[in-house]
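Protein chains: 2
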Amino acid sequence: MIKVVLFGSGNLATHLFRSFKKSSNVDVVQMYARKIASLSNFDVHRTDNLELIENADVYIICVSDDAISNLSGQLKFQNKLVVHTSGSLSVEKLNNKNRKGVFYPLQSFSKNKEVNFLTVPVCVEAQNEEDLKLLKQLAGSISENVYEINSDQRKSLHLAAVFVNNFVNHMYKIGNDICSENKIPFRILDSIIKETAKKITNLAPEEAQTGPARRNDKQTIKRHLSQLKNKNQKKIYKILTKSIQKTYGRKEL
Amino acid sequence: MIKVVLFGSGNLATHLFRSFKKSSNVDVVQMYARKIASLSNFDVHRTDNLELIENADVYIICVSDDAISNLSGQLKFQNKLVVHTSGSLSVEKLNNKNRKGVFYPLQSFSKNKEVNFLTVPVCVEAQNEEDLKLLKQLAGSISENVYEINSDQRKSLHLAAVFVNNFVNHMYKIGNDICSENKIPFRILDSIIKETAKKITNLAPEEAQTGPARRNDKQTIKRHLSQLKNKNQKKIYKILTKSIQKTYGRKEL
């Protein structure tokens with residue numbers, strides 16, 4: 009049984025708590041938050057007092073990036089395994105008085121959306137073999153996809169995730185805007201959106217690329233640009249078309 | 009039984025042929041291609057001679073956009089229902105000697121990837137009620153999602169699809185490049201890619217947006233920009249971050 013204390017009460021803390029609860033290998037012995045009221049929905053020992061943190065094998069900090077370093081410095085114990093859960097912060101941001109590690113689940117969590125943690129990759133990092141083994145065990149108790157990823161790699165991974173999640177979602181937003189302006193139900197695009205994501209499981213993105221930019225179909229590109237009245241959308245269309253053309257060795261627009 | 013002749017031998021013609029074959033309401037009586045050899049894999053009457061086109065209820069032209077107008081002009085019969093399958097061409101591009109229509113399945117088809125046509129939306133357009141009814145029946149025999157979409161709407165839909173398919177796939181490509189440069193298996197991103205697409209079924213893209221640009225986290229944005237050595241990637245990161253910030257009323261970078 010791996011004993012865990014969770015710090016935080018946000019999306020990630022919530023999803024981790026629920027997933028650990030389902031595992032027979034993990035015991036969440038306590039949760040901490042600055043305001044104890046924010047923990048009222050969690051059926052577990054709760055505290056807002058750092059003096060009263062209970063004994064555990066792993067202390068998991070699930071607070072905002074800005075607050076991690078400070079919180080790890082305020083802990084009253086020493087030489088325990090303390091991990092943060094941030095994609096973009098180095099393990100070094102944790103205070104030196106404890107053994108340090110990272111437990112980073114790569115997913116975009118929304119509060120009211122249930123997540124199947126089994127498919128969420130968890131990236132772990134530690135500073136000695138034993139801690140690494142423990143984190144792998146802990147991650148393996150909730151996820152089928154556990155990766156050892158160092159701090160530099162993790163930063164790059166987080167950046168890659170901005171492209172494939174944040175920016176992709178913004179493409180959906182623009183698609184949605186174009187549909188509403190033309191009284192087309194956005195739902196028509198559901199199927200192609202899902203298929204585009206699914207394709208990538210079997211094909212490299214390079215092989216999966218289709219469309220006017222890929223085949224350098226200048227007539228269609230020109231027509232699309234004349235259709236776009238919104239300057240911002242036009243700019244994005246141009247720069248991405250150019251980038252695709254470059255990728256596949258075509259001449260610029 | 010709706011009798012159909014298919015013109016073309018590419019991806020779309022192949023997928024349509026297979027789907028029509030499975031339906032008990034449709035009979036593909038013949039396929040035409042300029043080179044009869046390209047039809048050798050189709051178990052159906054084949055011809056490369058426009059003089060020998062058989063009688064049918066609907067003639068479906070699945071050739072490249074550039075060739076549609078010309079081919080429709082070369083047909084030897086009159087006052088039949090001839091449709092094209094292009095997302096970006098107006099129904100008017102078809103020759104006037106026949107009744108005109110559009111049968112546009114909105115999906116990005118790859119040759120060797122089986123497609124479940126049931127979930128592919130088919131957008132139909134015709135110039136009289138009877139033809140429209142027939143096209144809806146035909147579309148309904150292979151798909152659960154049939155929409156009546158006029159030529160202007162279809163052009164916008166095609167443009168929206170460029171954003172949610174072509175440009176999204178390019179985001180995957182950049183994510184993939186960042187991963188390989190840092191020796192990270194791209195597979196780690198599979199789960200977030202699928203989840204991002206799935207979310208959109210229940211949430212508006214505006215509600216689903218997360219990330220540093222959305223919450224105007226300038227520190228992370230700055231760090232990401234310093235990580236990006238590739239000028240093109242940097243430019244894309246900047247313009248999309250700016251666009252997200254604008255969308256949610258934040259100040260510019």
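Chains as they are written, first to last, in our numbering: chain F, 9 to 261; chain C, 9 to 261.
Positions of the beta carbon are idealized from the N, C-alpha and C atoms, including for glycine.
- prompt: Buried or exposed: proline 213/C, going by 16 or more other Cβ atoms within 10 Å of its Cβ?
  reply: Classification of proline 213/C: buried, given that the 10 Å Cβ count is 16 or more.
- prompt: Interface residues of chain F around alanine 221/C at Cβ under 7 Å?
  reply: By Cβ distance, chain F contributes Asn174.
field: Neighbourhood of lysine 202/F by C-beta distance below 7 Å, restricted to the same chain and skipping five residues each side
entry: Shown here for lysine 202/F: not one same chain residue has a beta carbon closer than 7 Å to its own, the five before and five after excluded.
message: Does any residue of chain C have a CB that is nearer than 8 Å to the CB of threonine 93/F?
response: The beta carbon of threonine 93/F sits no closer than 8 Å to any beta carbon of chain C.
- request: Output, in chain order, the set of chain F residues within a Cβ distance shorter than 8 Å of threonine 55/C.
  value: Within 8 Å Cβ-Cβ: nothing; threonine 55/C doesn't reach chain F, min ~28 Å.
- prompt: Residues of chain F with a CB under 8 Å from the CB of threonine 218/C: which are they?
  reply: The contacting residues are Ser116, Ser118, Asn173, Asn174, Asn177.
task: Select from Glu59/C, Tyr40/C, Lys163/C, Asp65/C the residue whose C-alpha is nearest the C-alpha of histidine 53/C.
output: It is Tyr40/C.
query: Since leucine 233/F is in the alpha helix (DSSP H), which residue starts that stretch and which ends it?
result: First-last of the alpha helix (DSSP H) with leucine 233/F: 226-235.
field: Interface residues of the stretch 181-198 of chain F facing chain C [CB-CB below 9 Å]
entry: Here the close residues are Lys181, Ile182, Gly183, Asn184, Asp185, Ile186, Cys187, Glu189, Asn190, Lys191, Ile192, Pro193, Phe194, Arg195, Ile196, Leu197, Asp198.
task: Compute the Euclidean distance between the alpha carbons of cysteine 70/F and asparagine 124/F, then round it to the nearest angstrom.
output: Approximately 19 Å, taken between the alpha carbons.
message: With a threshold of 6 Å on Cβ separation, who are the neighbours of histidine 23/C within its own chain once the five nearest residues in sequence on each side are excluded?
response: Around histidine 23/C: Phe117, Val123.
message: So valine 13/F and phenylalanine 25/F are supposed to be a Cβ contact under 8 Å. How far apart are they, rounded?
response: That pair is no contact at about 11 Å.
query: When burial is assigned at 16 or more other CB atoms within 10 Å of the CB, is arginine 162/F buried or exposed?
result: Within 10 angstroms of the beta-carbon of arginine 162/F lie 16 or more other beta-carbons, which makes it buried.
message: For a cutoff of 8 Å on Cβ pairs, would you count lysine 243/F as touching chain C?
response: Under the 8 Å criterion on CB atoms, lysine 243/F is classed as interfacial with respect to chain C.
message: Pull the bridge partners of aspartate 35/F from the DSSP assignment, please.
response: Looking at the DSSP assignment, aspartate 35/F forms a beta bridge with Lys11/F.
field: For threonine 22/C, three-class secondary structure by DSSP
entry: Here threonine 22/C sits in helix by DSSP.
task: Would you list the one or two residues that DSSP bridges to arginine 107/F?
output: Per DSSP, Leu89/F.
- prompt: What's the gap between the Cα of tyrosine 245/F and the Cα of lysine 237/F?
  reply: For tyrosine 245/F and lysine 237/F, the distance between alpha carbons rounds to 12 Å.
- request: Could you please give me the residues that DSSP links to threonine 255/C through a beta bridge?
  value: According to DSSP, which records beta bridges pairwise, threonine 255/C is partnered with nothing at all.
- prompt: So, does the CB of alanine 134/C fall closer than 8 Å to a CB anywhere in chain F?
  reply: Not closer than 8 Å to any Cβ of chain F, the Cβ of alanine 134/C fails to qualify, so no.
Secondary structure, alpha helix (DSSP H): runs of 4+ residues fully inside the stretch 95-167 of chain F: Taken in chain order, the complete alpha helix (DSSP H) segments of 4 or more residues contained in the stretch 95-167 of chain F are 137-148.
query: Going by DSSP, what residues sit across from tyrosine 67/F in a beta bridge?
result: DSSP output for tyrosine 67/F lists Val13/F, Val90/F as bridge partner(s).
message: Whole angstroms are fine: how far does the CA of asparagine 173/C sit from the CA of aspartate 185/F?
response: Between the alpha carbons of aspartate 185/F and asparagine 173/C lies a distance of about 15 Å.
field: Status (buried if at least 16 other CB within 10 Å, exposed otherwise) for leucine 60/F
entry: Leucine 60/F is exposed by the Cβ-count criterion.
task: Mind listing the chain C neighbours of histidine 232/F? Cutoff is C-beta to C-beta under 9 Å, in chain order.
output: Identification of chain C residues near histidine 232/F by a Cβ-Cβ cut-off of 9 Å yields Ser96, Lys163, His166, Leu167, Val170, ordered along the chain.
Alpha-carbon spacing of phenylalanine 194/F relative to serine 188/F, whole angstroms: The alpha-carbon atoms of phenylalanine 194/F and serine 188/F are separated by roughly 7 Å.
message: Does phenylalanine 28/F pass the burial test, meaning 16 or more other C-beta atoms within 10 Å, or should it be called exposed?
response: By the neighbour-count definition (other C-beta atoms within 10 Å, threshold 16), phenylalanine 28/F is a buried residue.
field: Interface partners of isoleucine 157/F on chain C, CB under 9 Å
entry: Within chain C, the residues near isoleucine 157/F are Ile192, Ile196.
message: Restricting to Cα atoms, I'd like to know which of Ile150/C, Lys144/C, Leu167/C is closest to glutamate 156/C.
response: It is Lys144/C whose Cα lies nearest to the Cα of glutamate 156/C.
- prompt: Opposite arginine 6/F in the DSSP bridges: which residues?
  reply: Beyond the ends of chain F as shown, which are 9 and 261, falls residue 6/F; an answer cannot be given.
query: Which same chain residues, not among the five before or five after serine 96/F, have their C-beta less than 7 Å away from its C-beta?
result: Excluding sequence positions up to five before and after serine 96/F, its CB lies within less than 7 Å of the CB of Asp73, Lys163, His166, all in the same chain and listed in chain order.
query: Can you list the residues of chain C that isoleucine 208/F reaches, using a CB-CB cut of under 7 Å?
result: Residues of chain C passing the Cβ test: Tyr180, Ile201.
query: Okay, do the stretch 145-152 of chain F and the stretch 221-236 of chain C touch, 3+ Cβ pairs below 8 Å being the bar?
result: Here the stretch 145-152 of chain F does not lie against the stretch 221-236 of chain C, with fewer than 3 beta-carbon pairs under 8 Å apart.
task: List the residues of chain C that valine 128/F touches, going by C-beta distances under 7 Å, in chain order.
output: Result: Ser199.
task: For glutamine 235/F, return the contacting residues in chain C, with the cut-off set at a CB-CB distance below 8 Å.
output: Neighbourhood of glutamine 235/F in chain C, by CB distance below 8 Å: Lys163, Ser164, Leu167, in chain order.
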